[in-house]
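Enquirer:
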Amino acid sequence: MKKFSLLFVVVVVFVLLGYKFVADNLENNVVIIGHRGAMGYAPENTLESFKLAHEMGVDFLEFDVQMTKDGVLVAIHDTDVSRTTNGTGQIKDLTLEELKQLDAGSKFNKKHAGARIPTVREIFEEFGDETKYYIETKSPQSYPGIEEKLIALINEFNLLDKVILHSANIESLSKLHKLAPDAELGLLLWYTETAYISDEEIDNIPEYIKYIIPNHDYLTEDYIKKVKEAGFSIHTYTVNEKEDFGRLVEMGVEGVITNYPDILIKE
Ligand code: G3P
Ligand code: CA
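Numbering (the working numbering), first residue to last: 10 to 276.
1) Collect the residues with a C-beta less than 6 Å away from any heavy atom of ligand 2 and give them in sequence order along the chain.
2) With distances taken between CB atoms, is the gap from Tyr232 to Ile211 smaller than 8 Å?
3) Just to check, is the beta-carbon of Leu197 closer than 7 Å to a non-hydrogen atom of ligand 1?
4) Can you name the residues that DSSP bridges to Leu196?
5) Are the region 100-111 and the region 71-82 touching, with three or more C-beta to C-beta distances below 8 Å?
6) Look at the alpha carbon of Gly27 and the alpha carbon of Ser58, and state the distance between them as a whole number of angstroms.
7) Considering Asp226, what are the terminal residues of the beta strand (DSSP E) in which it resides?
8) On the three-state DSSP scale, how would you describe Ile41?
9) State the Cα-Cα distance for the pair Ile222 and Gly49, rounded to the nearest angstrom.
10) State the DSSP-derived secondary structure class of Phe69, mapped to helix, strand or coil.
11) How far does the beta strand (DSSP E) with Glu145 in it reach, from first residue to last?
12) Considering Cα atoms alone, identify which of Thr55, Gly46 and Phe166 is closest to Met65.
13) For Thr203 versus Asn224, is the C-beta distance shorter than 8 Å?
14) Verify the contact flag: Ile222, CB atom, against every heavy atom of ligand 1, threshold strictly below 7 Å.
15) If we count the other Cβ atoms within 10 Å of its Cβ and call it buried at 16 or more, is Thr293 buried or exposed?
16) When you compare each of Trp199, Glu209 and Gly154 to Leu185 by their alpha carbons, which one comes out closest?
17) Helix, strand or coil, according to DSSP, for Val248 in the structure here?
18) When the Cα atoms are used, what is the spatial distance from Arg92 to Leu108?
19) What did DSSP end up calling Leu1 once you bin it into helix, strand or coil?
20) Does the beta-carbon of Pro215 have 16 or more other beta-carbons within 10 angstroms, so that it is buried, or is it exposed?
Structural data, given as structure tokens:
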């Protein structure tokens with residue numbers, strides 16, 4: 010009886026270790042993308058947030074691009090500055106000089122007072138080719154010419170092979186593809202119930218799209234399998250819990266966008 014119990018324990022331990030080994034290796038191959046930097050710890054879409062995410066070892070810095078009244082590309086999520094700064098107004102109605110006067114840190118935490126909305130140029134100057142960039146054209150319909158400016162800036166810094174450009178706006182993706190046929194592109198999707206994609210919807214996704222990027226909440230194994238079998242890679246947002254990360258990786262997700270990179274990144 011005792012021999013049987015010992016054997017049972019040994020078998021269980023080996024099974025658990027084997028499972029952990031497989032899970033660890035799967036997780037280690039998954040791309041980690043810092044959402045607006047590391048926005049769980051620092052004011053979103055600021056250099057402070059990007060520096061922290063970079064230090065934590067993300068594969069990509071994710072940020073949202075919009076354009077000022079005087080045509081400068083800046084990293085900010087909302088079309089209006091009021092949620093994240095001490096100012097008011099729309100990005101498209103404010104000059105860079107006006108935007109630069111705003112405090113983009115205090116609303117997150119007083120200790121970040123003085124953080125500024127960065128230009129995309131400043132982000133590239135800060136990190137160069139030491140990281141990769143996961144760049145979203147946000148509300149591109151409000152900013153005629155934003156795609157041209159973005160590709161020109163990426164090319165100026167010779168970073169085309171270091172970026173994944175993504176958007177929920179298919180016209181913006183089409184423009185980006187025409188401007189930079191070699192750029193890797195991703196389509197953002199949003200589900201509010203169990204994720205489903207029909208054969209027709211899959212067939213209608215342009216062949217130049219490489220990544221399908223849905224929110225993670227309603228993903229299923231079948232959905233992920235279907236998308237991958239159609240030839241796409243699948244990344245998902247916004248994954249902040251270790252448990253969700255493990256489950257999604259087991260289901261076949263290949264990249265996650267997270268507010269807390271350190272929770273998902275292994276030593
Ligand atoms: O860009 C991926 C993810 O950031 C999309 O959600 O609203 O945070 O831009 P959002
Ligand atoms: Ca985004």
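Cβ atoms here follow ideal geometry from the backbone N, Cα and C, with glycine treated the same way.
Expert: Judging by the given coordinates:
1) Glu71, Asp73 and Glu145
2) no
3) yes
4) Ser176 and Ile221
5) yes
6) Below a pLDDT of 50, predicted positions are generally treated as unreliable, and Gly27, at 47, falls in that range; no measurement from the model is reported.
7) Looking at the DSSP string, Asp226 is not in any beta strand (DSSP E), and its letter there is neither H nor E.
8) strand
9) 20 Å
10) strand
11) Lys141 to Thr146
12) Gly46
13) no
14) yes
15) Nothing in the structure corresponds to residue 293, since the chain is present only between 10 and 276.
16) Gly154
17) coil
18) 14 Å
19) Residue coverage of the chain in this structure runs from 10 to 276, which leaves residue 1 outside it and unanswerable.
20) exposed
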